[in-house]
Amino acid sequence: MRSIILATTLTFISLSAFANQCDIQLDGELQLEDKVLQVQVDRRNELTITADKTLYINNQAISLTSEQQEWVDDYYNGINQAVPQAANIATDAIALASSAMNEVFGELLGADSSVIQDLSDKLYDLEQQVHYNFYGDNGNIHINSNTFEDGEFLGTQWEQEFEETIEELVAESIGHIMVALGTQIIFGGGDLDEFEHKMEHFGQRIEHKFETQAATLEANANALCQTLTKVDIAENKLQKSIRQLRNLDVLHISNKANLM
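Numbered per my numbering, the sequence shown spans residues 1153 to 1412.
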C-alpha cells in the first residue's frame, strides 16, 4: 500500500504544481474566441481587442498613445500565450499522473489488469475536458472565464477531479489489490519485512523516475505565472490610463513577488 500512497502523492504534487506557484483568479467575464479578446469591464463598458491589436470599447475603436498600445499588445499577447501554456500544464500533469499510477497498478495487479484500462479511460476523459476548456472545434485556442469554477484559471478543480478518479478506482479495485498483496506476501515466504522493503524500494524507484518530469512541470507552471503577471500589470496600466476602463480588474494574482 505504501507505493500506492507514494504514487498518488506524487501525482497530486504534479497537479497542484501550478497552484503552488501563484494563485490566479478571474473575476468577471473574459473570453478569447477566434482570435478576438472580449472583456466585460462593467455593466456599461465592454473591451474588445482584435488580432491586429486594435482596441474597441463598446464597438468603437479607441485612439491610443504608443505607450497605451504597448499595454494593449501585452494584454492581448499575454492571454493568447497563457491559454496554450495552461492547457499544456494540465495535459502534462495528467500524463504524468497516468504514467505513475500505471506503474503502481501494473506492479500490484499486472500490466493487463482492467484497473489500468479504467484508469486510462477516466484520465483520457479528464484530458478531453482540458482540451474542451482551452481549444475550439476548429483547433483555435479559446477561453471563457465562465467555464472555470469559482474563477480559478487552473488549479484545484483538476486536482479534485483527479483525486476523485483515483479514489473511485481504488475503491472499485480494493478486492483485487488485497488479493494481489496477499499473493505477493505468500509467494515471498510470508516475510512482511521483506515485502515492506520491496514496496519501499519500488516507491523510491517511482519517485526517482518521475521527479525530473515533475520539476519540468513546476518550471512550466512558473513560466505561466510570469506570463499572467505581465498581463496583470498591463491590465492595471490600462485601468489607470483609459477612463472607460477604470473598472477593468479581471485578473488577480498573488505570490507575484516570487516571480519578479
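Glycine included, C-beta positions come from ideal geometry on N, C-alpha and C.
| query | result |
| --- | --- |
| C-alpha gap between S1406 and T1379, whole angstroms | 13 Å |
| A1213 in three-state terms, based on DSSP | strand |
| Length of the line joining the Cα atoms of D1186 and I1293 | 8 Å |
| As assigned by DSSP and simplified to three states, the class of N1254 | helix |
| Straight-line gap, T1206 to Y1227 (C-alpha atoms, nearest Å) | 12 Å |
| Same chain, Cβ closer than 7 Å to A1375, neighbours up to 5 away in sequence not counted | Q1237 |
| Beta-carbon spacing of I1268, V1383 below 7 Å | no |
| Straight-line gap, N1296 to G1327 (C-alpha atoms, nearest Å) | 42 Å |
| Cβ-Cβ distance between A1242 and V1282 below 7 Å | yes |
| Residues bridged to I1293 (per DSSP) | Y1287 |
| Identity of the residues DSSP links to L1207 by a beta bridge | I1201 |
| Enclosing beta strand (DSSP E) for Q1190 [first to last residue] | 1188-1192 |
| Per-residue DSSP class, three states only, for D1175 | strand |
| Whole-angstrom C-beta distance between S1251 and F1362, which should lie under 8 Å | 7 Å |
| Where S1265 sits in the DSSP three-state scheme | coil |
| Short Cβ contact (7 Å threshold) for F1257 with S1266 | no |
| Neighbourhood of E1279 by C-beta distance below 6 Å, restricted to the same chain and skipping five residues each side | T1243, I1246 |
| Opening and closing residue of the beta strand (DSSP E) in which Q1396 lies | Premise fails: Q1396 is in no beta strand (DSSP E) and is neither H nor E. |
| Spatial neighbours of V1224 in its chain, beta-carbon cut-off 8 Å, leaving aside the 5 residues before and after | I1201, K1205, L1207, L1216, A1386, L1390 |
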